[in-house]
Structures are given as C-alpha cells and as structure tokens.
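**Student:** Sharing a structure here in structure tokens format.
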Amino acid sequence: MAILTKEDVYNKIISQEKPQCPHCGVTMVIWECPPASFADGLGWGTPFLYVCFNDDCSLYVNGWKSIMDNYARHASYRCICDPTSQSGVMDCMTVFGTEGGTGSIVDEEFRAEEKAREETREKGLKQLEGLFGDGDADAILKALVADDTLPEVACRAAELMGKIGTLDAIEPIRNKAFQDNAVREKAETAIEAIHERNYTRECPFCAEIIKARAVVCKHCGKNLG
Ligand SMILES: [Zn+2]
Ligand SMILES: [Zn+2]
Numbered sequence: 024m025a026i027l028t029k030e031d032v033y034n035k036i037i038s039q040e041k042p043q044c045p046h047c048g049v050t051m052v053i054w055e056c057p058p059a060s061f062a063d064g065l066g067w068g069t070p071f072l073y074v075c076f077n078d079d080c081s082l083y084v085n086g087w088k089s090i091m092d093n094y095a096r097h098a099s100y101r102c103i104c105d106p107t108s109q110s111g112v113m114d115c116m117t118v119f120g121t122e123g124g125t126g127s128i129v130d131e132e133f134r135a136e137e138k139a140r141e142e143t144r145e146k147g148l149k150q151l152e153g154l155f156g157d158g159d160a161d162a163i164l165k166a167l168v169a170d171d172t173l174p175e176v177a178c179r180a181a182e183l184m185g186k187i188g189t190l191d192a193i194e195p196i197r198n199k200a201f202q203d204n205a206v207r208e209k210a211e212t213a214i215e216a217i218h219e220r221n222y223t224r225e226c227p228f229c230a231e232i233i234k235a236r237a238v239v240c241k242h243c244g245k246n247l248g
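The numbering of the sequence shown is this note's numbering, which starts it at 24 and goes up by one.
Structure representation (structure tokens):
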C-alpha cells in the first residue's frame, strides 16, 4: 500500500460524497484534525475528519446538559466520521463552545458558502444604513419581514424600525413569524419603541392600536382600567 500524504488524503476526500449527520441530517464538513495531544490524547489516525457543525444538531444540543451532568464541565459533542475508513462509522468528539473547532474547517464548499453569506450580510447592512439615511421606513420594513433576510440584517432592520417605523408597520411585524429568536426579540422591542414614540399601545382584548392613556378601548369598548 502506498503511503498517502496529507494532500493526497484531502484530494481523495473532496472527490467523495460527504456523509450526512445521523443526528440531524445536515451534510458534514471536512475538518482538519489538530495535533493529537490537543484532544485529550486522542490519536485521530487521519489528518481530516467529517464533522457536523450544525448548532441545532440534537447530539450537540443535548451534549451540553449530558456533559454538565456527568462531568460538571461546560462542553458538548460534535458528530464525527473518519473519511478514510470504509466503514463510515459515526463517532463524536468533545468541543468547548459554539466556535470550538470551527477554525479548523478546511471544507472548500463550506468556506465558499460562509464567504458568500458574509458578503450578503455586509451588503444588507450597508443597504439598511442607506435606507435609514433616506428615511425609507417602508423599505426597511420590507427587509425585516422578507424570508431571505439574514438574521443579523433583520436584527438591524428591527432596530431601525424602532427608530423610524410608523404605526402602520406594527401589524406587518406582528404578522411575521420570525424563526430566529434574536430577530423576534428585536422586532418586539421595535414595536414597543414605535408605540412609545406615538403614545400608543395595543388593546389587550382586541389588539387594535389605542392611545396609551385610554381608559376604554375605542374599538371593542372594553374597560382597560
Ligand atoms: Zn448533526
Ligand atoms: Zn379593544
């Protein structure tokens, strides 16, 4: 058997199909193993591994509690697979945080996606500042509620809506089911800020917008005292 260099191994790996994580179904990425001593003396036996770096992966999500309960350490697991073995057996490695190990991802496809995402993010943020400068609240609202807006961009859009959004913006923001927690919180804060600027609030009974100081809702007639 010929001895393979690290580069040979990498070239072989990128030519084969990447496996999907058995815990979450997300395609795993190629990861360069750090020196063996780094990981509790574990010898990797391969210069690269496939790793699932999905932060919603059940193995990773549940790992925090499991390790804390068993070892009283703040760490979790990432699903791994040796790309040089024919068996395709899945294993796991310990990581110490969201970024743990991500610096060693050498997957070209993954890196390209990350770079594209970063560019989209910067472009989106720059556009928002331009719209804010123009006082274009409608366009900022559109960016906030669009399905393809990145969470970081949507967060900024929500902040800006809090500054210049009008009462008309409240309903579309309320009607949007934000998937991202941070965006959802920012959107909620934006609605509060809009109300504050307009001295309004929403009726707890019919959800119509009323004066903050109203005693009786002018829409449903309910007593608010
Ligand atoms: Zn996974
Ligand atoms: Zn009402």
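Just so it is clear, CB atoms sit at the ideal spot from N, CA and C, and this is done for glycine as well. These numbers were taken from a predicted model, which means no experiment stands behind them.
Under a criterion of Cβ closer than 5 angstroms to any non-hydrogen atom of ligand 2, which residues qualify, in chain order?
**Tutor:** C226, F228, C229, C240, H242, C243
**Student:** Taking all protein chains shown into account, decide if G153 is buried (16 or more other Cβ within 10 angstroms of its Cβ) or exposed.
**Tutor:** Counting from one through the sequence shown, the residue named residue 153 turns up at place 130. Exposed: under 16 other Cβ atoms inside 10 Å.
**Student:** Looking at ligand 1, does it come within less than 7 angstroms of N198, judged from the CB to the closest heavy atom?
**Tutor:** The count along the sequence shown starts at 1 and reaches residue 198 at position 175. It does not: the Cβ of N198 is nowhere closer than 7 angstroms to a heavy atom of ligand 1.
**Student:** Sort F133, S89, W67, S110 by Cα distance to I37 and report the nearest one.
**Tutor:** Along the sequence shown, read from residue 1 onward, the residue named residue 37 stands at position 14. Proximity to I37 across F133, S89, W67, S110 peaks at F133, based on C-alpha coordinates.
**Student:** Which same chain residues, not among the five before or five after R207, have their C-beta less than 7 angstroms away from its C-beta?
**Tutor:** Sequence index remark: in the sequence shown, residue 207 carries index 184 (1-based). Around R207: F201.
**Student:** Please look up how many angstroms separate the CB atoms of M116 and R101, rounded, as I've assumed it's under 8 angstroms.
**Tutor:** Counted from its first residue, the sequence shown places residue 116 at position 93. Counted from its first residue, the sequence shown places residue 101 at position 78. About 6 angstroms separates the two Cβ atoms, so the contact holds.
**Student:** Does ligand 1 have even one heavy atom less than 7 angstroms from the beta-carbon of H6?
**Tutor:** One cannot answer for residue 6 here, as it falls past the ends of the chain, which runs 24 to 248.
**Student:** Please confirm if the region 104-115 is in contact with the region 136-145, defined as three or more CB-CB distances below 8 angstroms between the two stretches.
**Tutor:** no
**Student:** Anyone know if the C-beta pair for C44 and C75 falls short of 8 angstroms?
**Tutor:** As a first step, residue 44 must be located in the sequence shown, where it is residue number 21. As a first step, residue 75 must be located in the sequence shown, where it is residue number 52. Cβ distance < 8 angstroms, so C44 and C75 count as in contact.
**Student:** How long is the line joining the alpha carbons of D191 and E219, rounded to whole angstroms?
**Tutor:** Numbered from its first residue, the sequence shown carries residue 191 at position 168. Numbered from its first residue, the sequence shown carries residue 219 at position 196. D191 and E219 have their alpha carbons spaced roughly 14 angstroms apart.
**Student:** Relative to the alpha-carbon of V52, which residue among E136, D170, D157 has its alpha-carbon at the smallest distance?
**Tutor:** Walking along the sequence shown from the start, residue 52 turns up at place 29. V52 has its Cα closest to that of E136, out of E136, D170, D157.
**Student:** Taking its Cβ as the centre, do 16 or more other Cβ atoms sit within 10 Å of T172, making it buried, or is it exposed?
**Tutor:** Locating residue 172 in the sequence shown gives position 149, counting from the first residue. T172 is buried by the Cβ-count criterion.
**Student:** Provide the residue span of the beta strand (DSSP E) that contains V168, from first to last.
**Tutor:** Position 145 of the sequence shown holds residue 168. Here V168 belongs to no beta strand (DSSP E); instead the alpha helix (DSSP H) covers 160-168.
**Student:** How many Å lie between N85 and V239 at the Cα?
**Tutor:** As a working note, residue 85 is residue 62 in the sequence shown. As a working note, residue 239 is residue 216 in the sequence shown. The alpha-carbon atoms of N85 and V239 are separated by roughly 49 angstroms.
**Student:** I need the straight-line Cα distance from K88 to P70, nearest angstrom please.
**Tutor:** Translated into positions along the sequence shown, residue 88 becomes position 65. Translated into positions along the sequence shown, residue 70 becomes position 47. Straight-line Cα distance between these residues: approximately 30 angstroms.
**Student:** Kindly list the residues whose CB is nearer than 6 angstroms to the CB of F119, restricted to its own chain and excluding five residues on each side of it in sequence; keep chain order.
**Tutor:** Within the sequence shown, the letter at position 96 stands for residue 119. Cβ neighbours of F119 beyond the five flanking positions: A98.
**Student:** Out of curiosity, what's the CA-to-CA distance linking C226 and I233?
**Tutor:** Residue 226 sits at position 203 when you count from the first residue of the sequence shown. Residue 233 sits at position 210 when you count from the first residue of the sequence shown. Cα to Cα, the separation comes out at about 6 angstroms.
**Student:** Let's test the definition: count the other Cβ atoms within 10 Å of the Cβ of N77 and tell me whether it reaches 16, buried, or not, exposed.
**Tutor:** Position 54 of the sequence shown, counted from the start, is the residue given in the question as residue 77. N77 is buried by the Cβ-count criterion.
**Student:** Measure the alpha-carbon distance for E194 versus L82 and round it to whole angstroms.
**Tutor:** The residue given as residue 194 occupies position 171 in the sequence shown. The residue given as residue 82 occupies position 59 in the sequence shown. Approximately 38 angstroms, taken between the alpha carbons.
**Student:** On the CB-based measure, 16 or more other CB atoms within 10 Å of its CB, does V176 come out buried or exposed?
**Tutor:** On the sequence shown, residue 176 is found 153 positions in, with the first residue counted as 1. Classification for V176: buried.
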